[in-house]
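Residue numbers (my numbering), protein chains in the order written: chain A, 68 to 182; chain B, 144 to 255.
C-beta atoms are modelled at their ideal positions from N, C-alpha and C, and glycine is treated no differently.
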């Protein structure tokens, strides 16, 4: 079956512009997660959704970052007024339910470069 | 102290060698433990879960020592296709049970 898909696969933007990243989770998965992987760093948790609600937004690095999920499916991560330090690979994952014993399946990521 | 620490490597080993990776974690309340594999410029994929009793999947053996907060992965008879970065991952309990915490990864290169 289809896995997690993300778009765009690559995004180059200028400092100060807004960007929107999209994630399509595996059909039927109720939980959706966003992570960020910066060069030389481990994956960093950003936010997770259970259905359409985001119980924990504490991983978002600044108020320039926001995310939403509609219809319990597609999610978008928006970064406003991008900075060079936002350059990273943004990975989305989904699982059947949240919590332990629920494998998280990752999408291929969006590689964001802020010039 | 970082939450999950791994030796970054790289580990360069010949085909057929046995190689071991280690990982330590700081949160004693962590409940679940995994090894993920990440190929260059690809997404992480679950390699195996890690249990206190130890578990084996073909050439791969994982061990967990809760008292020492230590996780290991052993790869026997290395293949060229094993070349990748291996990520040690822990998952919390309760309110933190949804979040995976990743180490920075250990890079393995298997050479002919």
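{"Item": "Beta-carbon contacts of residue 182(A) that lie in its chain and below 8 angstroms, excluding the five residues immediately before and after", "Value": "79, 80, 81, 82, 151"}
{"Item": "Buried versus exposed call for residue 247(B) [16 or more other C-beta atoms within 10 Å across all chains shown]", "Value": "buried"}
{"Item": "Interface residues of the region 70-83 of chain A facing chain B [CB-CB below 7 angstroms]", "Value": "none"}
{"Item": "Nearest to residue 95(A) (by Cα), restricted to the options 171(A), 116(A), 140(A)", "Value": "140(A)"}
{"Item": "Residue 254(B) burial status per 10 Å Cβ neighbour count (16 or more: buried)", "Value": "exposed"}
{"Item": "CA-to-CA distance, residue 229(B) to residue 156(B), given in whole angstroms", "Value": "14 angstroms"}
{"Item": "Cβ pair count under 8 angstroms reaching 3, the region 156-175 of chain A against the region 181-188 of chain B", "Value": "yes"}
{"Item": "Beta-carbon neighbours of residue 150(A), restricted to chain B and to distances below 8 angstroms", "Value": "Ordered by position in chain B, no residue passes the 8 angstroms Cβ test against residue 150(A), which lies about 22 angstroms from the chain."}
{"Item": "Assigned secondary structure, residue 225(B) (DSSP; H/G/I helix, E/B strand, else coil)", "Value": "helix"}
{"Item": "Three-state class that DSSP yields for residue 153(A) in the structure shown", "Value": "helix"}
{"Item": "6 angstroms Cβ shell around residue 217(B) - same chain, five flanking residues per side excluded", "Value": "163, 204"}
{"Item": "For residue 155(B), the first and last residue of its enclosing beta strand (DSSP E)", "Value": "154-157"}
{"Item": "Member of 227(B), 220(B), 231(B), 225(B) whose CA lies at the smallest distance from the CA of residue 207(B)", "Value": "231(B)"}
{"Item": "is_contact[residue 158(B), chain A] using C-beta, thresh 9 angstroms", "Value": "no"}
{"Item": "Best match in 222(B), 145(B), 193(B), 249(B) for proximity to residue 168(A) [C-alpha to C-alpha]", "Value": "193(B)"}
{"Item": "C-beta contact flag for residue 87(A) and residue 180(A) at 9 angstroms", "Value": "no"}
{"Item": "Proximal residues of chain B, C-beta to C-beta of residue 87(A) below 9 angstroms", "Value": "Chain B residues near residue 87(A): none, gap ~20 angstroms exceeds 9 angstroms."}
{"Item": "DSSP beta-bridge partners of residue 150(B)", "Value": "According to DSSP, residue 150(B) bridges with nothing at all."}
{"Item": "Contact under 9 angstroms by Cβ, residue 72(A) with residue 90(A)", "Value": "yes"}
{"Item": "Residues near residue 110(A) in its chain [Cβ-Cβ closer than 6 angstroms; skip 5 each side]", "Value": "102, 104"}
{"Item": "One or two residues paired with residue 135(A) in a DSSP bridge", "Value": "143(A)"}
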